[in-house]
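Notes for the one structure printed next.
In the UniProt record's numbering, the protein residues as written are 1 to 257.
What follows is the structure, given as structure tokens:
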């Protein structure tokens, strides 16, 4: 008997698990500036500026401004403007709006992302096995409505339900996001679900604290992976390995112990 026979639902993280960014985020900000005739900003400063601005926005207006009822585009407008300012670039309102619109449009399309080749096959395999497949992500509504469909990861063929922080108003590592997932899966018991993500803090720990099973993908061979394994976590290189692991009979005791 494999672990698969004990499960009714699989939930999956998005970025770092199903998809990844193409290149560096700063590249897209710089390209947007160049497209409106501005000198190309320094890539490294731009990247660092974004990280600082995004961190502050998440603290002040979590879940993309959900509680503050801030429109998604306004949340990103503030974040992008602060990113440029922190990087040392301040534009007049009209020029900034041109730059911002290009950035907002780019990240609302499939252009900046690449799908891991094992993502779609894994999701379809899970559904064919009769499992309910859910997406659990700290992402805004465009991931659900635009980005994932544009990348060929569609509700109805690759996944059944989504829990996106910008829509639900709760984000990982808050375990409540996994409570919502279990409810959407049909109020199933936590032990009947397994979550797959790429973060110990945001995926593995909160999911297991709910009583769910969990696995971590180490697609990029991070230095922390060995510590994850030593802590008892199931750490795998990709979704091909995850599928194999779920179907091996000798793993059922290990995961459910």
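Even glycine gets a Cβ: it sits at the ideal position worked out from N, Cα and C.
Please go through the same chain and pick out, in chain order, the residues whose beta-carbon is closer than 6 Å to the beta-carbon of residue i, but skip the five residues on each side of it.
i, result
"residue 108", "142, 146"
"residue 49", "83, 86, 87"
To the nearest angstrom, how far is the alpha carbon of residue i from that of residue j?
i, j, result
"residue 246", "residue 136", "19 Å"
"residue 208", "residue 42", "42 Å"
"residue 148", "residue 116", "12 Å"
"residue 9", "residue 134", "8 Å"
"residue 125", "residue 77", "39 Å"
"residue 204", "residue 94", "44 Å"
"residue 154", "residue 162", "11 Å"
"residue 120", "residue 56", "34 Å"
"residue 118", "residue 200", "21 Å"
"residue 243", "residue 97", "45 Å"
"residue 91", "residue 110", "27 Å"
"residue 58", "residue 151", "26 Å"
Look at the Cβ atom of residue i, then the Cβ atom of residue j, and state whether they are nearer than 7 Å.
i, j, result
"residue 16", "residue 198", "yes"
"residue 52", "residue 99", "no"
"residue 213", "residue 240", "no"
"residue 202", "residue 230", "no"
"residue 225", "residue 235", "yes"
"residue 220", "residue 140", "no"
"residue 123", "residue 75", "no"
"residue 267", "residue 35", "Residue numbering for the chain in the displayed model covers 1 to 257; residue 267 lies beyond these limits and cannot be assessed."
Excluding the 5 residues flanking residue i on each side, which residues of the same chain have their C-beta closer than 7 Å to its C-beta?
i, result
"residue 112", "21, 22, 28, 106"
"residue 67", "169"
"residue 248", "2"
Which of the three DSSP states, helix, strand or coil, is assigned to residue i?
i, result
"residue 40", "coil"
"residue 85", "helix"
"residue 217", "strand"
"residue 21", "strand"
"residue 146", "helix"
"residue 80", "helix"
"residue 65", "helix"
Measuring only between beta-carbons, confirm whether residue i sits less than 7 Å from chain D.
i, result
"residue 166", "The question asks about chain D, but that chain is absent: this structure has only one protein chain."
Excluding the five sequence neighbours on either side, which residues of its own chain have a C-beta within less than 8 Å of the C-beta of residue i, listed in chain order?
i, result
"residue 70", "61, 64"
"residue 180", "163, 168, 170"
"residue 132", "8, 9, 10, 160, 161, 185, 186, 188"
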